[in-house]
Structures are given as structure tokens and as C-alpha cells.
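One line per chain: the protein sequences are D, L, Z and X, in this order. FYI, numbering that gives the first Met the number 0 numbers position 53 of the first sequence as 52, with every residue one higher than the one before it. FYI, numbering that gives the first Met the number 0 numbers position 89 of the second sequence as 88, with every residue one higher than the one before it. FYI, numbering that gives the first Met the number 0 numbers position 155 of the third sequence as 154, with every residue one higher than the one before it. FYI, numbering that gives the first Met the number 0 numbers position 10 of the fourth sequence as 9, with every residue one higher than the one before it. Don't be surprised by glycine CBs; every beta carbon is placed ideally from N, CA and C. Here's the structure we're looking at; comments come further down.
Number of protein chains: 4
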Amino acid sequence: MVKAKENDTKMSRSALRRLREKEQRFKTILSAAETLFARKGYNQTSIEEIADLAEVSIGAVYFYFKNKEDLLIKLMQEIGYYLRKLLGEELRKTDFSLHSLQHIAFVFLRDFCLSHPEKITIFFRESVGQSAEVEDQRKELFIKLTSEIRDAVLKISEGLGKHFVTESSPELIAVCIVGIYERIACHYLLWQDRSEDMMEIAGEASSFMLGGVSNLFSHDET
Amino acid sequence: MVKAKENDTKMSRSALRRLREKEQRFKTILSAAETLFARKGYNQTSIEEIADLAEVSIGAVYFYFKNKEDLLIKLMQEIGYYLRKLLGEELRKTDFSLHSLQHIAFVFLRDFCLSHPEKITIFFRESVGQSAEVEDQRKELFIKLTSEIRDAVLKISEGLGKHFVTESSPELIAVCIVGIYERIACHYLLWQDRSEDMMEIAGEASSFMLGGVSNLFSHDET
Amino acid sequence: MVKAKENDTKMSRSALRRLREKEQRFKTILSAAETLFARKGYNQTSIEEIADLAEVSIGAVYFYFKNKEDLLIKLMQEIGYYLRKLLGEELRKTDFSLHSLQHIAFVFLRDFCLSHPEKITIFFRESVGQSAEVEDQRKELFIKLTSEIRDAVLKISEGLGKHFVTESSPELIAVCIVGIYERIACHYLLWQDRSEDMMEIAGEASSFMLGGVSNLFSHDET
Amino acid sequence: MVKAKENDTKMSRSALRRLREKEQRFKTILSAAETLFARKGYNQTSIEEIADLAEVSIGAVYFYFKNKEDLLIKLMQEIGYYLRKLLGEELRKTDFSLHSLQHIAFVFLRDFCLSHPEKITIFFRESVGQSAEVEDQRKELFIKLTSEIRDAVLKISEGLGKHFVTESSPELIAVCIVGIYERIACHYLLWQDRSEDMMEIAGEASSFMLGGVSNLFSHDET
DNA sequence: CATGAATGAGTCTTCATTCAT
DNA sequence: CATGAATGAAGACTCATTCAT
């Protein structure tokens with residue numbers, strides 16, 4: 000009995016280790032893909048190159064991922080998960096003032112864009128125009144982000160005791176905010192390397208954003 | 000002499016006709032590429048399909064265009080030329096009031112996005128992440144658009160006798176405006192088909208934009 | 000000694016159980032292969048699928064069978080063994096009249112073809128044109144079957160006190176008989192599903208067969 | 000006018016030559032595939048090998064044939080066309096006596112099997128068990144052959160003023176005949192090389208066949 | 001100039017087989 | 001013995017591009 004128990008523990012240990020190793024492999028391959036997709040572009044990267052960088056065989060890539068497209072989709076999911084977790088944490092801490100919107104935008108630029116240039120490259124460039132499935136993934140993530148920002152905007156307005164000019168204003172505001180920060184990331188980080196000026200840019204951008212939001216508050220109360 | 004002249008005239012006539020035919024061919028092929036790139040995607044479209052749709056031979060495509068990438072670049076140039084002409088005309092008519100900014104945005108959505116869905120598909124999706132050269136073309140167009148908007152914003156501020164908080168504000172404002180309208184086009188036209196609501200959306204979007212611009216006006220002047 | 004004996008008995012018991020289990024495993028895997036080869040085709044079936052259906056690991060398949068080809072060969076051997084046992088039993092019961100030939104054919108169609116559609120699929124279709132070794136196996140089985148039928152035909156002719164036109168007639172007769180029943184199985188069972196009409200078909204087929212055999216009896220005696 | 004006509008003729012000439020060359024290419028590639036499929040087997044032959052033997056590029060193979068399977072299907076069609084033309088000519092010449100059946104069988108063995116060993120290899124071995132589409136092609140050809148023989152048998156019986164035991168007898172007879180000659184071809188040509196004895200075998204085989212046919216004639220007529 | 005047949009490098013993908021645990 | 005992750009050779013197939021006619 001005792002021995003069996005010991006065996007059990009032993010097996011569970013080695014099984015756990017195997018599981019950990021599998022996850023590690025998965026991550027290593029995904030990370031290699033991320034690096035190469037960002038560096039050379041999705042279409043210009045071959046599975047063989049990914050396998051080489053991850054120091055595994057071609058077959059291993061296909062053991063962990065259905066095909067090349069799957070790598071990109073999984074990468075998008077990971078990016079989406081990371082980004083939404085990051086912003087979600089900030090949203091949860093928020094005091095529902097306009098200031099908190101500024102803070103979230105700031106976090107997006109500093110902790111996502113500046114810290115993970117490969118991720119924005121993939122999200123804003125390499126995942127565009129590849130295939131219907133990837134496009135769906137992209138669209139879904141954008142829509143989720145937009146609706147989360149819309150909800151935050153709505154809550155902030157409630158916190159301020161204000162209404163918007165129309166019912167659909169919060170969504171439009173969210174779309175505008177997403178657009179602003181997407182373009183800032185592309186313009187100042189992917190195209191020009193203005194990393195050092197980013198915090199200054201972020202400041203003005205949040206002024207712009209807040210001006211935009213304020214302008215859609217309804218004035219017909221009290 | 001006379002004969003030569005006759006010949007000259009003759010040649011010039013047929014030469015002109017040939018020239019016209021050549022231009023026509025060029026346009027037909029480019030138009031076929033536009034249609035297919037927008038419908039099936041750049042990577043999923045083969046030269047043969049383009050030749051078929053344009054009712055020319057594969058060789059003809061290569062006579063008028065260096066390679067497949069060249070088709071996309073020429074298409075981007077055409078789109079860029081068209082868009083800048085469209086916006087340029089509006090900018091020239093402007094009275095340099097904030098209202099004129101609204102008008103330009105309106106024209107962009109109505110006369111470009113709504114009227115040419117294939118063009119925005121190519122510009123905002125199919126031309127992304129393809130190759131360094133296409134990316135450069137995209138970047139260049141974006142930067143030109145941005146700087147034109149920046150100049151307009153600057154002139155408007157001068158017209159209003161106002162300054163911006165920093166010297167780089169006009170550029171940032173332009174980046175934000177471009178971002179807002181790019182995302183609106185993607186979100187409401189490529190992803191959701193909200194063509195009918197577009198004018199309403201345009202109204203709120205311009206409110207947002209104007210609020211953003213106003214918020215970056217410097218307040219330290221008498 | 001006693002203890003050793005006890006141990007021996009013990010080992011022999013568990014060894015027997017193990018042996019039984021091993022045989023069971025072997026059969027389970029072979030049966031899974033049979034099912035899948037018949038359903039999806041040999042080339043379209045992967046070892047993994049066989050392992051899955053047999054509820055064993057890929058490694059287990061390779062423990063019991065040298066390689067994929069070996070599975071097919073073992074399957075052919077099993078089919079051959081089964082078929083020859085079936086026909087052999089009938090041949091042993093025979094009274095060496097022409098009637099017994101009829102009976103054997105009948106047994107072939109009813110107890111082999113109708114009862115084991117997967118076996119005829121593999122024997123008449125999936126084992127064809129795969130590899131030299133499989134082809135050899137097929138050939139060997141066909142030749143054994145043919146020579147058994149030849150021997151039966153010979154004995155029957157002796158029983159009837161007749162000779163054949165040439166010495167090689169019995170073999171040719173056997174070849175013809177095998178061909179007739181192979182094609183009947185393919186035509187009426189694999190291609191058309193005429194299972195219900197099979198017994199009627201069998202009747203006429205045996206008339207044909209007997210007519211063929213009779214026609215090769217030599218007439219130059221007494 | 001005259002010149003135009005000349006030009007026309009010229010173009011038509013070179014166009015014709017091109018057309019001939021295209022057909023030639025097609026045949027060369029198909030012939031290379033036939034040789035290799037028969038020699039090494041369908042699965043063991045790569046497109047590259049076919050291209051090499053035909054002295055064309057891999058791309059050329061794909062220009063003329065949709066894919067590897069298409070090569071096999073086209074080959075089967077060609078074989079089927081050839082075989083049916085061969086037998087059809089004989090059937091047309093027939094005097095609708097039992098003797099003509101013998102003749103057709105003889106032609107099949109001599110002019111098809113003996114003269115085109117690669118064709119029977121592909122038809123009786125390499126086209127078996129490859130894919131649903133190839134199997135359909137095979138089946139269709141077999142069924143056409145069978146029904147042609149059935150019709151011939153029917154006409155012969157009419158010529159002899161005889162009936163068969165059942166309405167479906169002619170079809171069964173055709174199935175048996177096809178089976179007999181298929182197996183003879185496999186047994187004596189593909190497996191054993193009994194080419195020299197073929198004519199002798201053919202003689203006995205036709206005796207067998209005729210015996211079989213006669214045995215299915217109905218006896219209940221005056 | 002126009003044609004479209006021909007090229008062949010480049011990639012993805014499969015899967016039988018192995019072997020460390 | 002059993003497992004199943006890992007291997008990597010092999011092959012089908014694509015398609016942008018060229019060039020002889």
C-alpha cells in the first residue's frame with residue numbers, strides 16, 4: 000500500500016514534469032514564431048526556420064500546432080489574452096473618473112507597446128490580411144477590446160452623473176480611442192522609433208482623447 | 000516633306016490611339032487586380048486569375064507591371080493619389096475654420112469609404128504585412144496624409160488665432176484623426192455593414208475629433 | 000523445491016494470463032486495422048488511428064507488428080488461413096462429385112463473402128498494388144487456393160472416371176473458378192449491394208462453372 | 000487580302016503545330032507515368048520521377064494534369080478507351096455465333112494483354128485500392144465492359160434461337176467471362192510469365208467459357 | 001507587343017518509425 | 001511491457017516569373 004502510494008506520487012511527479020516540459024515546448028515554439036513573424040513577416044517565415052530557432056524538429060511544430068496558420072492564431076490569442084488581462088487589471092482598479100481612462104491608455108503604451116514591440120508588430124501588421132480565420136481572430140479581439148472600453152466609458156459617465164448625446168456614443172468613443180492608440184503605436188513605434196518621446200506623446204494623446212469624450216457628453220441636463 | 004508630315008500625322012494618330020489603348024489595358028488590369036485583391040485577398044489571388052478577369056494574357060500583365068508586388072504598389076499609389084486629390088480639393092476650398100475639418104472627414108467617409116469599399120479593403124487590410132516595399136508605400140501614404148492634416152490643423156489654428164500646447168501637437172492631432180477614421184472605416188464598414196448609419200456616426204465622430212483638437216489648444220494666451 | 004514449485008505454478012498462471020492478454024491485444028489491434036483498412040483504405044489509414052480504435056498506444060502497435068505493411072500481411076494471412084480452413088473443411092467432407100464443387104462455391108459466397116465484407120474488401124481491393132511483399136502474400140494465397148481447387152477438380156474427375164483434354168486443364172479450371180468467384184464478389188457485393196440476390200446468383204454461377212468444367216473433360220475414352 | 004490570307008494560313012499552321020506539340024507533351028508525360036506506375040507501382044512513383052522520364056519539368060506535369068491521381072485516371076480512361084475500341088471492333092465484325100465470343104477472348108489476350116503488359120498491370124493492379132475516384136473509374140470501366148459482353152451474349156443467343164434460364168443470366172455470364180480473363184491475365188502474365196503458352200491457355204479457356212455459357216441455355220424449348 | 005506554355009525553387013504537410021521514460 | 005512525444009525524410013503541389021514564337 001505504502002509502496003503503491005509512493006509509486007503513485009512518483010508517477011504523478013514524472014507525469015507533472017512531462018506536462019511541464021510539454022508546455023515549455025509549446026511556449027518555446029510559439030515564442031520562436033513570434034520572433035520570426037515580427038522580424039521577417041509571416042509569409043516570409045518558413046516552418047523550418049521556426050523549428051530551427053526553437054531547436055526542435057519540423058514534426059514537433061506540427062505536433063503542437065495544426066498548421067502554420069494555427070501558430071498565428073494561437074499567437075493572436077496569447078496576445079489578446081495578455082492585453083486584455085493587462086487592461087482588465089487596470090479597469091478593475093479604476094475609480095471611474097476620466098483620469099482612469101488616461102491611466103489605461105498610459106498602461107497600454109508603456110506596458111504593452113513599449114515592452115512588447117514584437118506583439119504589436121504581429122497584432123497591428125502581420126496578422127492583417129492573411130486569411131479569413133486570422134482576420135476573424137483579429138476582429139474578435141478588436142471588438143472585445145472596444146466593448147470593454149465602451150463599458151468603462153459608460154461607467155465613468157455614470158460616475159460623473161453625465162449622459163452622452165446618443166445611446167451609441169460610448170461605442171463610438173471606444174472605437175475612436177482604439178483607433179487613436181493603434182495609430183500612435185504604428186506611427187511612433189513601428190514606423191518611427193520614438194520610444195523615448197512616448198510618454199510625452201501619451202500625455203498629449205490623452206488630452207485629445209479626453210477632449211473627444213467630453214465633447215460627446217450631453218449638455219441638456221440641469 | 001509633305002509625305003513625311005503625312006506619315007508623321009498618321010503615326011501620331013495611330014500612336015495616340017495605341018497610347019490610349021495601352022493606358023486602357025493598364026487600367027483594366029489594375030482594376031481586375033483591385034477587384035480580386037479585395038474579394039479574395041492579395042495572397043490568395045494569382046496572376047492568372049487577374050489576367051483572366053482582365054481578359055488579357057499572363058504575359059500582358061508582366062508587360063504592364065514588373066511583378067505581382069508592383070500591382071499592389073501601383074494600386075496603392077492610385078488609391079493614395081485619388082484620396083489625396085479628394086481631400087486636397089476640400090482642403091483648398093477650406094475657410095480654415097474647425098468646421099472645415101469636419102467637412103473633410105465627412106468627405107473621406109462618404110466619397111472614399113462608402114463609395115469605394117474595395118479601395119479601403121486594400122488600403123486598410125490587403126496591403127498590410129505583405130512586404131517591405133508595400134509597407135513603405137503604405138507608410139509613405141499615411142505620413143503624407145498625416146502631414147497634410149497636420150498642416151490643415153495648423154492653418155486652422157492660425158485662422159482662429161490660437162496656439163497648441165506643444166509644437167508637435169498638430170502632428171499628434173493628425174495622427175489621432177487618421178487613427179479615428181481608419182478604425183471607423185474598418186469597424187463600421189469592413190467588419191460590420193453599417194453603411195446606412197455612417198452619416199450619423201460621422202457626425203458624432205467629428206464631435207469627438209473637434210473635442211480632441213480643442214483640448215490641445217494652449218490656454219495661456221490673453 | 001516446494002517453494003520453487005509454488006513459484007513456478009504462480010508464474011505459470013500469471014504467465015498464462017499474460018499470454019492470453021497478449022494474444023488478445025494482438026487480435027484487437029489486427030481487428031482495428033481490418034475495420035479501418037476496409038472502411039478508409041490502407042493508404043488513408045494511419046497507425047495512430049489504428050491505435051486509437053484499438054485503444055492502445057502507437058508503441059503497442061509496433062510491439063505486436065513490425066510495421067504498417069506487417070499489419071496488412073498478417074491480416075492477409077489471417078484471411079487466407081480462415082478461407083482455406085473454411086474451404087478445406089468442405090473439401091474434406093466432399094464425395095468427389097461435381098456437386099461438391101457447387102457446394103464449396105456456395106460456402107465461399109455465403110460464409111466468406113456475405114459474412115465478412117471487410118475481409119473481401121481487404122483481400123480483393125486494399126491488398127492490391129501496395130508493395131512487393133504484400134503482392135507476394137496475395138499471390139501466394141491465390142496460388143494455394145488455385146492449387147487446392149485444382150486438386151479437388153482432379154479428384155472429382157478421378158471419381159467420375161474421366162480425363163481432361165490436357166494435363167494442365169485442372170489448373171486452368173481452377174484459375175477460371177477463382178476468377179469467376181472473385182469477380183462475382185467484387186461486382187455484386189463491393190460495387191452493387193446485391194446481398195439478397197446472392198444465393199440466386201450463386202446457383203447460376205455454379206451452372207456456369209460446371210458447364211466450363213464439363214467442357215474440358217476429354218471425350219476420347221471408351 | 001491575299002497577304003492577310005497568307006498570314007492566316009501561317010498562323011493556323013503554327014497554331015496547329017503548337018497544338019500537335021501540346022498533345023505530344025501530354026502523351027509523353029502520360030506514357031512516362033504508365034511506364035513507372037507499372038514498373039514501380041503508383042505509390043512508389045513520385046511526380047519528379049515522371050517529369051524526369053518525360054524530360055519535362057515538374058510544373059509541366061501539373062500543367063497537363065491536375066494532380067497525381069489525375070494521371071492515373073487519365074491513364075485508366077486511355078486504357079479503357081483502347082480496350083473497348085479493340086473489343087468493339089471485334090464485336091462489330093461478329094457473326095453472332097458462339098465462335099465470335101471465342102475470338103473476342105482471343106483478341107483480348109493477344110492484342111491487349113500480351114501486347115501491353117504495362118496496361119494490364121495498371122488496370123488489374125495499380126489502379127486498385129488507391130482512391131474513391133480511381134475506384135469509380137475502374138468500376139465504371141468494368142461495368143461497361145461487362146454490359147458490352149452481356150449484350151454480345153444476348154445477341155449470340157438470339158442468333159442461335161436460344162433463351163437463357165433467367166433474364167439475368169447474360170449479365171452473370173458476362174461477369175464470369177470478365178472474371179475468367181482477368182484472372183488468367185493476372186495469373187499467367189503478371190505472376191507467372193507464361194506468355195508463350197498463352198495461346199494454348201486461351202484455347203482451353205474458351206472451351207471453359209463456352210461450356211459455361213451453354214449450361215445456362217434454357218432447355219425448356221422444343 | 002501579345003501570348004501562354006514551361007520552369008523549378010520553395011513550402012507546407014504527412015506519417016511511419018523510433019526510443020527515452 | 002507500455003507509452004506517446006519527437007523525428008525528419010519524402011513528396012505533392014503552387015505560382016511568380018520567363019521567353020520562344
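inquiry  = Below 7 Å on C-beta distance, what does A201 of chain X contact in chain Z?
reply    = The count along the fourth sequence starts at 1 and reaches residue 201 of chain X at position 202. What A201 of chain X touches in chain Z: nothing, since even the nearest Cβ is about 10 Å away.
ask   = K138 of chain Z to G40 of chain L, Cα distance in whole Å?
value = Within the third sequence, numbered from 1, the residue matching residue 138 of chain Z stands at position 139. Within the second sequence, numbered from 1, the residue matching residue 40 of chain L stands at position 41. Using only the alpha carbons, I get a separation of about 53 Å.
message = If distances are taken between C-alpha atoms only, which option among D:F25, D:G160, D:T120 comes closest to G58 of chain D?
response = Within the first sequence, residue 58 of chain D is the residue found at index 59, counting from 1. Of the listed residues, the one whose Cα sits closest to G58 of chain D is D:F25.
request  = Residues of the stretch 178-199 of chain L with a CB closer than 7 Å to any CB of chain D: list them in chain order, please.
outcome  = Contacts with chain D (Cβ-Cβ distance below 7 Å) from the stretch 178-199 of chain L involve G178, I179, E181, R182, I183, H186, W190, listed in chain order.
ask   = Considering only the beta carbon of each residue, do E181 of chain X and G87 of chain X sit closer than 9 Å?
value = If you number the fourth sequence from 1, residue 181 of chain X lands on position 182. If you number the fourth sequence from 1, residue 87 of chain X lands on position 88. Going by C-beta atoms, E181 of chain X is not nearer than 9 Å to G87 of chain X.
query = Helix, strand or coil: how does DSSP classify F207 of chain L here?
reply = Taking the first residue of the second sequence as 1, we reach residue 207 of chain L at position 208. When DSSP states are grouped into helix, strand and coil, F207 of chain L belongs to the helix group.
task = Pull up the distance between the alpha-carbon of L189 of chain L and that of P116 of chain L, whole angstroms please.
result = Taking the first residue of the second sequence as position 1, residue 189 of chain L is located at position 190. Taking the first residue of the second sequence as position 1, residue 116 of chain L is located at position 117. Looking at the two C-alpha atoms, the distance is approximately 8 Å.
request  = Enumerate in chain order the residues of its own chain whose CB-to-CB distance from Y80 of chain L is below 6 Å, with the five nearest sequence positions on each side excluded.
outcome  = Walking along the second sequence from the start, residue 80 of chain L turns up at place 81. Within the same chain, Y80 of chain L has no close Cβ partners at all.
ask   = Thinking C-alpha only, which one of Z:S217, Z:K21, Z:M208 is nearest L215 of chain X?
value = Taking the fourth sequence and counting its residues from 1, the one referred to as residue 215 of chain X is at position 216. Answer by Cα proximity: Z:M208.
key: Through-space distance from S56 of chain D to S13 of chain D, alpha-carbon basis   = Locating residue 13 of chain D in the first sequence gives position 14, counting from the first residue. Locating residue 56 of chain D in the first sequence gives position 57, counting from the first residue. In a straight line, the C-alpha of S13 of chain D is about 23 Å away from that of S56 of chain D.
query = Alpha carbon to alpha carbon, what distance is there between V127 of chain Z and A173 of chain Z?
reply = If you number the third sequence from 1, residue 173 of chain Z lands on position 174. If you number the third sequence from 1, residue 127 of chain Z lands on position 128. Going by the C-alpha atoms only, they are around 21 Å apart.
inquiry  = I'd like to confirm the pairing. Which residues does DSSP put opposite F163 of chain Z in its beta bridges?
reply    = Position 164 of the third sequence, counted from the start, is the residue given in the question as residue 163 of chain Z. BP columns for F163 of chain Z point to Z:F216.
Under the three-state DSSP convention, the category S45 of chain L falls into = Counting from 1 along the second sequence, the entry for residue 45 of chain L is found at position 46. Look at S45 of chain L here: in three-state DSSP terms it is coil, with no helix or strand label.
query = Does the separation of the CB atoms of F36 of chain Z and L82 of chain Z fall below 9 Å?
reply = Numbered from 1 along the third sequence, position 37 holds the residue referred to as residue 36 of chain Z. Numbered from 1 along the third sequence, position 83 holds the residue referred to as residue 82 of chain Z. Cβ atoms of F36 of chain Z and L82 of chain Z: not closer than 9 Å.
message = Give me, in chain order, the residues of the same chain whose beta-carbon lies closer than 7 Å to that of I222 of chain Z; leave out the 5 immediate sequence neighbours on both sides.
response = In the structure as shown, chain Z begins at 0 and stops at 221. Residue 222 of chain Z is therefore absent and cannot be evaluated.
message = At the level of alpha carbons, what is the spacing between T221 of chain Z and L159 of chain Z?
response = Here residue 221 of chain Z corresponds to residue number 222 of the third sequence, with the count starting at 1. Here residue 159 of chain Z corresponds to residue number 160 of the third sequence, with the count starting at 1. Reliability fails at T221 of chain Z, whose pLDDT of 42 lies under 50, so the model's placement of it is uncertain and the value that follows must be treated cautiously. C-alpha separation (whole angstroms): 14 Å.
message = Tell me which residues of the stretch 206-219 of chain Z have at least one Cβ-Cβ distance to chain X shorter than 8 Å, keeping chain order.
response = Within the stretch 206-219 of chain Z, the residues whose Cβ lies closer than 8 Å to some Cβ of chain X are S206, F207, M208, L209, G210, G211, V212, S213, N214, L215, listed in chain order.
ask   = Is the Cβ-Cβ distance between F238 of chain D and M75 of chain D less than 9 Å?
value = Since the first and last residues shown for chain D are 0 and 221, residue 238 of chain D lies out of range.
query = With distances taken between CB atoms, is the gap from L140 of chain X to D110 of chain X smaller than 9 Å?
reply = Within the fourth sequence, residue 140 of chain X is the residue found at index 141, counting from 1. Within the fourth sequence, residue 110 of chain X is the residue found at index 111, counting from 1. Taking 9 Å as the Cβ cut-off, L140 of chain X and D110 of chain X do not qualify as a contacting pair.
ask   = Would you report the Cα separation of K67 of chain L and E132 of chain L, rounded to the nearest angstrom?
value = Start at 1 with the first residue of the second sequence, and residue 67 of chain L comes out as number 68. Start at 1 with the first residue of the second sequence, and residue 132 of chain L comes out as number 133. So the two alpha carbons sit approximately 12 Å from each other.
task = Answer with yes or no whether the minimum CB distance from N66 of chain X to chain Z is below 9 Å.
result = Taking the first residue of the fourth sequence as 1, we reach residue 66 of chain X at position 67. So, not an interface residue.
query = Is the stretch 188-207 of chain D touching the stretch 155-171 of chain D in the sense that three or more CB pairs, one from each, lie closer than 8 Å?
reply = No, the stretch 155-171 of chain D does not touch the stretch 188-207 of chain D.
request  = Determine the chain X residues that contact G79 of chain Z at a beta-carbon separation under 7 Å, and present them in chain order.
outcome  = In the third sequence, counting from the first residue as 1, residue 79 of chain Z sits at position 80. The premise fails here: G79 of chain Z is roughly 16 Å from chain X at the closest Cβ pair, so nothing lies under 7 Å.
inquiry  = Within 10 Å of its beta-carbon, does E54 of chain X have 16 or more other beta-carbons around it, so buried, or fewer, so exposed?
reply    = Position 55 of the fourth sequence, counting from 1, holds the residue named residue 54 of chain X. The residue in question, E54 of chain X, is exposed, as its Cβ has fewer than 16 Cβ neighbours within 10 Å.
Close-in-space but distant-in-sequence residues of the same chain around K249 of chain Z (CB under 8 Å, 5 per side omitted) = Outside the modelled stretch of chain Z, which goes from 0 to 221, sits residue 249 of chain Z, for which no answer is possible.
inquiry  = Give me the chain D residues within the contact set of V127 of chain L, using Cβ-Cβ distance strictly less than 7 Å, ordered along the chain.
reply    = Locating residue 127 of chain L in the second sequence gives position 128, counting from the first residue. Those are R124, V127, G128, listed as they occur along chain D.
query = Is A204 of chain D close to chain L, meaning its C-beta is less than 9 Å from at least one C-beta of that chain?
reply = Counting from 1 along the first sequence, the entry for residue 204 of chain D is found at position 205. At least one beta carbon of chain L lies nearer than 9 Å to the beta carbon of A204 of chain D.
key: Buried versus exposed call for R124 of chain X [16 or more other C-beta atoms within 10 Å across all chains shown]   = In the fourth sequence, counting from the first residue as 1, residue 124 of chain X sits at position 125. R124 of chain X is buried by the Cβ-count criterion.
inquiry  = Let's see if you can read the secondary structure: which residues bound the alpha helix (DSSP H) around K67 of chain X?
reply    = Residue numbering aside, residue 67 of chain X sits at position 68 when the fourth sequence is read from its first letter. It spans 67-92 - the alpha helix (DSSP H) in which K67 of chain X sits, taken as one unbroken run.
request  = Kindly indicate which residue of Z:T44, Z:K21, Z:A31, Z:R16 has the alpha-carbon position closest to the one of S130 of chain X.
outcome  = To locate residue 130 of chain X, count along the fourth sequence from 1; it is residue 131. Of the candidates Z:T44, Z:K21, Z:A31, Z:R16, the residue whose Cα lies closest to the Cα of S130 of chain X is Z:T44.
inquiry  = By the DSSP assignment, the alpha helix (DSSP H) with Y168 of chain L in it spans what residues?
reply    = Taking the second sequence and counting its residues from 1, the one referred to as residue 168 of chain L is at position 169. In the sequence as displayed, the identity of residue 168 of chain L is Ser instead of Tyr. Segment 168-184, the alpha helix (DSSP H) holding S168 of chain L.
key: Rounded C-alpha distance that separates E134 of chain D from N42 of chain D   = On the first sequence, position 135 is the one that residue 134 of chain D refers to. On the first sequence, position 43 is the one that residue 42 of chain D refers to. Those two C-alpha atoms are separated by around 15 Å.
ask   = Looking only at C-alpha atoms, which of X:Y61, X:G210, X:S30, X:G202 sits nearest to A104 of chain X?
value = As a position in the fourth sequence, residue 104 of chain X is number 105, starting the count at 1. Distance from the Cα of A104 of chain X is smallest, within the candidate group X:Y61, X:G210, X:S30, X:G202, for X:G202.
key: Inter-residue spacing [alpha-carbon to alpha-carbon] between L90 of chain L and A151 of chain L   = Translated into positions along the second sequence, residue 90 of chain L becomes position 91. Translated into positions along the second sequence, residue 151 of chain L becomes position 152. Each residue's alpha carbon lies about 7 Å from the other.
task = Find the residues of chain L that neighbour V60 of chain D, judging by a C-beta separation of less than 7 Å, and give them in chain order.
result = In the first sequence, counting from the first residue as 1, residue 60 of chain D sits at position 61. Ordered by position in chain L, no residue passes the 7 Å Cβ test against V60 of chain D, which lies about 21 Å from the chain.
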